[in-house]
Amino acid sequence: MTAHLVPAPHDGITLGILAGGRATRLGGRDKAWLERAGKPLVLALAQRLAPEVVATLVSANRNAEHYLSHGLRPIHDRIADIGPLGGIEALAAACQTPWLLTVPVDVVDVNDCLVRSLRAAGPRGAWAEDDDGPQPLVALWRVEILRIEAAKALASGGDFAVHALQARMGMAPVRLAGLRFGNLNTPDDLAVAGITP
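Note that the sequence shown covers residues 1 to 197 in UniProt numbering.
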């Protein structure tokens with residue numbers, strides 16, 4: 001029986017905001033501190049999801065003092081230059097709950113049923129699929145399994161793709177019809193989202 005692995009509402013989930021990228025297409029700007037409607041993206045996302053988690057961590061490789069001054073705990077990649085897997089692995093190592101919800105800091109929209117939908121997908125975790133296709137970084141991870149499989153991926157020195165890791169973990173896709181998470185990779189993306197660089 002694996003039913004005991006399904007998290008109860010609110011209990012046992014840590015939010016891990018992925019903000020460790022270099023944002024090269026945005027001239028290296030730190031996306032986390034870009035403002036939308038007068039609020040930094042990282043703070044808006046943390047506040048939006050706070051009612052559904054018991055703790056929040058931020059995968060961040062710079063500007064640690066900004067996070068600390070706002071009561072957020074920044075987590076530096078333990079292994080550099082391996083893309084999102086580096087941030088996810090570091091978050092898993094720091095996580096003190098059975099479940100880790102990862103969300104990129106630059107998502108434009110998060111619906112109210114995201115956590116509930118991912119949680120209902122099964123005991124091995126799940127990743128989201130919106131109207132633009134698979135979104136493997138928006139995912140609910142079983143931390144115990146994630147630590148083991150991430151270590152295997154790192155030891156292999158080969159495939160650091162997040163979707164490949166999720167396949168090995170047996171995670172399920174969850175279709176969220178009518179939703180586009182969006183992202184902020186270019187100046188045009190910022191303009192569409194109403195963000196002034």
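Beta carbons: idealized from backbone N, C-alpha and C, even for Gly.
Considering only the alpha carbon of each residue, which of A172, E65, W99 lies closest to W33?
For this step, residue 33 is matched to residue 33 along the sequence shown. Comparing Cα-Cα distances from W33 to each of A172, E65, W99, the minimum goes to E65.
Beta-carbon gap between A153 and A121 smaller than 9 Å:
Here residue 153 refers to the residue found at position 153 of the sequence shown. Here residue 121 refers to the residue found at position 121 of the sequence shown. Against a cut-off of 9 Å, the Cβ pair of A121 and A153 comes out as no contact.
Own chain, CB closer than 7 Å to H70, minus 5 neighbours either side, in chain order:
Looking up residue 70 in the sequence shown gives position 70. Excluding residues within five positions, the ones whose Cβ falls inside 7 Å are L43.
Got a sec, what are the start and stop residues for the beta strand (DSSP E) G16 sits in?
As a working mapping, residue 16 is identified with position 16 in the sequence shown. Unbroken beta strand (DSSP E) run through G16: 13–18.
Under 7 Å Cβ to Cβ from G83, same chain only, skipping five residues before and after it: list those, please.
For this step, residue 83 is matched to residue 83 along the sequence shown. Excluding sequence neighbours, G83 sits near F160.
Spatial neighbours of D131 in its chain, beta-carbon cut-off 6 Å, leaving aside the 5 residues before and after:
Taking the sequence shown and counting its residues from 1, one reaches residue 131 at position 131. Taken in chain order, the residues that qualify are R180.
In three-state DSSP terms, what is A126?
Taking the first residue of the sequence shown as 1, we reach residue 126 at position 126. If DSSP states are grouped into helix, strand and coil, A126 belongs with the strands.
Comparing alpha-carbon positions, which option in A177, A139, L176, N63 lies nearest V162?
To locate residue 162, count along the sequence shown from 1; it is residue 162. The option with the nearest alpha carbon to V162 is A139.
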